[in-house]
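Trainee:
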Amino acid sequence: MVSAFKPTWMVTNIYDLTPDQLRAHGIKAVMTDLDNTLIAWNNPDGTPELRHWLTMLEMAGIQVIVVSNNSRARVDRAVAPFNLPYVHRALKPLTWGIRRALHRWNLRREEAIMVGDQLLTDVWSAHRSGVRSVLVKPILTSDAWVTKGNRLLEKVVMWRLRHDYPELTWQEDLNERKTH
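Basically this note's numbering = 1-based index in the sequence shown + 14.
1) Determine whether the beta carbon atoms of V16 and L182 lie at a separation below 8 Å.
2) Taking 7 Å as the limit between beta carbons, can you name the residues of its chain near P152, skipping five residues before and five after?
3) What residue range is occupied by the uninterrupted alpha helix (DSSP H) comprising S143?
4) Along the chain, which unbroken stretches of the alpha helix (DSSP H) at least 4 residues long are found entirely within the segment 62-147?
5) Could you give the distance in angstroms between the alpha-carbon of I79 and the alpha-carbon of V137?
6) What whole-angstrom Cβ distance do L64 and L48 have, given they're in contact under 8 Å?
7) Would you call V170 buried or exposed, if buried means 16 or more other Cβ atoms sit within 10 Å of its Cβ?
8) Just mark S82 as buried or exposed, buried being the case when its beta carbon has 16 or more other beta carbons within 10 Å.
9) If you follow the alpha helix (DSSP H) that A38 is part of, which residue opens it and which one closes it?
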């Protein structure tokens, strides 16, 4: 059962995903969680590093799509400065949001990845959707109140994952080693 939460890759942060690495793995689209993955949950304006990363991916023809459990108003406000497409109220860990993104942007499962900072929502929904997953460290160590319960459960799941899969470690990029 714990294998359902095992990420395909564990990368320190989303900015470590370069166009060359993504292309080498056949990835044409990066579906990403919003809060604490793409932007800090309490800073919807993003950073210059985020803008640079988005520009690099756009120039390489790799699409970035936000798949978030947040409301339309919250996601729209956060992604408007970056002109990013999104799926709001994605209902992760259900597969609805990821499947909707794949369908809406005409993507095959093997052409996309789901990046997020939570095992119990982002990684699990990716696996249930047949999409490779990338777990990243949260941008901030604090969370919105709705996420705090998940983090406690996640610690137990991560402990079990590391026990069952000792090779599961944080990587600097996708090319170091796949976790499965």
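Using N, Cα and C, we set each Cβ at its ideal position, and we do this for glycine too. Note that the structure is predicted; figures quoted are calculated from it, not measured.
Mentor: Once the coordinates are examined:
1) no
2) N50, D131
3) 138-143
4) 62-73, 86-93, 110-118, 138-143
5) 16 Å
6) L64 to L48, Cβ: 11 Å. No contact.
7) exposed
8) buried
9) 33-38
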